[in-house]
Amino acid sequence: MDFACSHVVCNWRPSGAASTGVSVIVPQHDKVIVKQQEDQPKQPPHSLPPPLPPRVKKSLLAPPRPAFLTSPTRPSHPPPVPPRVDLVKEGCALTANVNVVSLGVGKLVNVRRATETESFESLLLCGKCSAALSRLSLVQRNVWLCEFCGYENGVSNGVRRMCVSHTSGLFSDELYLPTQSEDAYQNLEDTLVVFCVDISGSMSVTTEVATVDGSETYKSRLEGIQDALKRAVSSLLEQSPNSRVALVTFNDEVVIYGDGTRTPLILRDWALVDYDHLWQQGIGYKIPHCIAETFQHLTQRIDNLSEHGATSLGPAVLASVAVASRYPGSKVILCTDGKANIGLGKIEETPFLDSSHTPHFYKQLAEQAVNSGVIISVMTFEGTDCRLADIGKLADATGGRVNMVSIGTVAAEIQLASTDNVLATQAKATLIAPSGVYFPYEDENNHKVTTDIGNVTKGLEITFQFAVKSNFMAVFLQRDLVPFQIQLSFKTRDQQRFTRVITEKRPVTTCSQLWPGSLNMAILGVHCAQLCARLTMEGHVQDAQRHLKAQHDLLSQVSKQRPIQKEETTYTNWMDTLTIICDDITTESQRLSDEAAKIIYQMKRATSVKSNNSPASDKRWKKK
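Per the numbering used here, residue 51 is the first one in the sequence shown, and the count goes up by one each step.
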């Protein structure tokens with residue numbers, strides 16, 4: 051878990067399976083800052099930082115003191131909710147809110163590595179804010195005074211004894227496992243890869259490619275896909291001979307070949323517009339054999355494919371997810387070169403960007419795939435218009451890949467997608483801070499925020515931005531430490547449900563004490579990419595532009611304090627790319643091109659540069 055903050059400085063990196071960098075930063079009034087500067091020992095001239103620029107007071111991260119700790123003379127009613135913007139008035143030297151929490155979810159769900167984690171069977175939650183009792187909680191006379199909201203909760207003698215000896219600590223990592231699971235145990239190798247392949251007429255388009263001997267030849271898109279599928283199947287045979295592989299194709303009908311050993315199931319006409327019928331047909335089509343037994347049958351089916359007809363993309367993906375849903379942790383890999391034009395999910399021309407105009411079908415299917423623990427990866431061919439902004443939502447919601455390929459790169463991309471492993475399913479994260487903290491750009495404008503993660507793959511990171519309500523600034527300045535808590539619930543691949551609770555107390559500082567050069571720009575860069583991509587895809591382009599400008603200004607401040615590191619240059623390139631995309635949307639079109647949509651979806655799942663899953667900066671994306 052990674053925390054980074056900016057106006058109540060809190061760089062948090064818990065020592066558990068996740069790395070966290072959090073700094074809670076609280077902006078102060080000028081006279082307070084001056085007083086602090088006078089109390090500090092003078093530094094030699096060469097160590098003094100450059101003069102601070104005009105201070106813009108932001109809604110920074112300072113957790114307000116709960117009502118039960120405030121002076122009795124203060125009014126008891128809560129302060130008004132501040133405007134949901136980052137910069138509200140002058141008073142802070144930083145140009146961007148650096149109060150950011152980053153969660154390394156891919157690490158946190160790895161319970162086998164949680165060697166220093168305490169294990170329990172049941173959670174005790176606060177009756178008001180649902181924070182979990184931890185070893186850092188204060189319990190007196192069988193009453194737990196919630197450190198996040200001040201609510202008094204009764205506890206048993208056993209719980210009281212557990213907490214009394216640990217309240218002086220700063221970090222707690224606890225794992226909760228129910229005595230019984232509601233689902234049957236699943237063999238970890240019992241998964242399925244479904245290749246969902248477009249064989250419509252447009253797949254006959256050819257491209258000039260180089261052969262092994264250096265000569266030139268022409269190859270169709272379908273031929274490129276056939277070669278790529280055979281390579282992927284051969285790789286799976288070598289690396290995971292016990293896994294299952296299935297094939298589904300679509301043009302003006304959907305054909306479920308399965309593992310190639312059975313008679314294909316053909317779905318056409320009215321079946322292409324009947325959601326329940328397609329789902330039931332997919333679930334009922336069993337894949338009993340592993341790739342070690344079906345390799346020859348499957349490769350023969352791939353060789354015999356030919357292109358013709360329309361594009362019933364929606365029904366084909368639905369049937370593929372239904373086939374895969376029998377085995378949680380399975381994958382569907384969609385390869386197409388055109389818009390869905392018949393059956394469920396047919397895409398109409400529209401000038402709008404926001405997601406409310408996406409066919410409901412794709413939202414419903416994405417939700418069903420998440421509930422079934424199925425990942426959907428989407429690959430389209432370069433130079434085509436597949437409305438990637440719409441069908442890419444299937445991958446975005448389920449944790450899959452979104453990419454554009456050529457005949458030369460499709461094999462490598464399919465192989466990468468087929469080896470993505472689901473570490474956990476049905477994951478949900480809740481971040482709880484003290485009363486007075488809120489989360490900009492989230493629907494819940496209070497001190498708790500919950501995100502449905504769904505499927506978890508290796509390297510997954512999610513970020514949150516938090517801030518302190520203006521009326522609570524003075525309260526937080528009186529505190530040395532403030533608590534934060536992460537509650538992460540998930541199912542492992544063997545269908546065991548866990549809840550991991552990490553609680554940590556973080557120091558409070560002021561923006562006047564923060565040296566911009568000390569900020570964790572990896573956390574801030576990933577957060578900026580994820581947030582601005584999300585805002586853009588939701589149609590809030592101006593909000594994304596404001597955040598990008600603030601982040602550019604922050605990087606400029608940092609560059610005046612210390613040299614910019616190599617990986618930080620990558621984050622700058624991400625922001626430059628997103629800025630160009632946002633400018634193009636507001637000046638030229640209200641609909642994302644496939645190329646822009648690909649970048650946006652990749653940025654929504656950005657990870658730190660050192661991770662293998664971090665998105666590459668696309669140097670081809672330049673403003674015309």
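By construction, the Cβ of each residue, glycine as well, lies at the ideal position given by its N, Cα and C atoms. Computed from a predicted model, the values in this text were never measured in an experiment.
{"query": "CA nearest to the CA of ILE552, picked from VAL205, LEU220, CYS196", "result": "LEU220"}
{"query": "For ALA416: DSSP bridge partner residues", "result": "According to DSSP, which records beta bridges pairwise, ALA416 is partnered with nothing at all."}
{"query": "Straight-line Cα distance separating PHE516 from LEU111", "result": "For LEU111, the predicted model reports a pLDDT of 35, less than 50, meaning its position is unreliable; a value from the coordinates is still stated below. If you take the alpha carbons of LEU111 and PHE516, they lie about 6 Å apart."}
{"query": "Three-state class that DSSP yields for ASN505 in the structure shown", "result": "strand"}
{"query": "Enclosing alpha helix (DSSP H) for PHE688 [first to last residue]", "result": "Any answer about residue 688 is impossible in this case: the structure gives the chain only from 51 up to 674."}
{"query": "LYS381, DSSP secondary structure in three states", "result": "strand"}
{"query": "THR620 and GLY509 closer than 9 Å at C-beta", "result": "no"}
{"query": "Per-residue DSSP class, three states only, for LYS107", "result": "A caution first: LYS107 carries a pLDDT of 36, below 50, which makes its placement in the model unreliable, though a value can still be read off. Three-state result, LYS107: strand."}
{"query": "Top-ranked residue by Cα proximity to ASN192, from VAL382, ASN207, SER293", "result": "ASN207"}
{"query": "Identity of the residue in ARG529, SER609, HIS577 nearest PRO566 by Cα", "result": "SER609"}
{"query": "Pick from THR299, SER456, SER520, GLY450 that is closest to ALA467, judged by C-alpha positions", "result": "GLY450"}
{"query": "Minimum C-alpha distance to ILE441 - residue among TYR491, THR480, CYS385", "result": "CYS385"}
{"query": "Residues of its chain near ASN301, where Cβ-Cβ distance is below 8 Å and the 5 sequence neighbours each way are ignored", "result": "ASP248, ILE249, SER250, GLY251, GLU357, HIS358, GLY359, ALA360, THR361, SER362"}
{"query": "Cβ-Cβ distance between LYS381 and ILE425 below 9 Å", "result": "yes"}
{"query": "Reference GLY589, options ILE333, SER375, ASP633, closest by Cα", "result": "ASP633"}
{"query": "Rounded C-alpha distance that separates GLY504 from LEU581", "result": "18 Å"}
{"query": "Rounded straight-line distance, which links the Cα of LEU173 to that of GLN595", "result": "42 Å"}
{"query": "CB of GLY379 within 9 Å of CB of VAL452, strictly", "result": "no"}
{"query": "Cβ-based neighbour list, VAL283, same chain, cut-off 8 Å, excluding 5 preceding and 5 following", "result": "VAL295, ILE341, PHE345, LEU348, THR349, ILE352"}
{"query": "Opening and closing residue of the alpha helix (DSSP H) in which TRP194 lies", "result": "Element bounds for TRP194: not the alpha helix (DSSP H) but the beta strand (DSSP E), 193-195."}
{"query": "Which residues DSSP lists as bridging ALA474, in chain order", "result": "VAL506, THR542"}
{"query": "Simplified DSSP assignment, three categories, for LYS654", "result": "helix"}
{"query": "Assigned secondary structure, VAL148 (DSSP; H/G/I helix, E/B strand, else coil)", "result": "coil"}
{"query": "First through last residue of the beta strand (DSSP E) which encompasses GLN592", "result": "No beta strand (DSSP E) contains GLN592, which is instead part of the alpha helix (DSSP H) from 591-611."}
{"query": "Separation of VAL159 from ALA583, as counted between CA atoms", "result": "25 Å"}
{"query": "Residue from VAL323, HIS410, PHE534, VAL155 with nearest C-alpha to ALA369", "result": "VAL323"}
{"query": "CB-CB length for SER422 against VAL371, believed under 8 Å", "result": "7 Å"}
{"query": "Simplified DSSP state of VAL367, which is helix, strand or coil", "result": "helix"}
{"query": "Cα-Cα separation, ALA321 to ASP544", "result": "34 Å"}
{"query": "DSSP beta-bridge partners of ILE464", "result": "Looking at the DSSP assignment, ILE464 forms no beta bridge with any residue, so it has no partner."}
{"query": "Coil, strand or helix - THR619 by DSSP", "result": "helix"}
{"query": "Distance between PHE540 and GLY364 (C-alpha atoms, nearest Å)", "result": "29 Å"}
{"query": "DSSP beta-bridge partners of ALA296", "result": "VAL244"}
{"query": "Cutoff 9 Å: LEU317 Cβ touching any chain D Cβ", "result": "Although the question refers to chain D, the structure presented lacks it and comprises just one protein chain."}
{"query": "Boundaries of the beta strand (DSSP E) in which ASP223 is found, first to last residue", "result": "221-226"}
{"query": "Terminal residues of the beta strand (DSSP E) in which PHE514 lies", "result": "511-515"}
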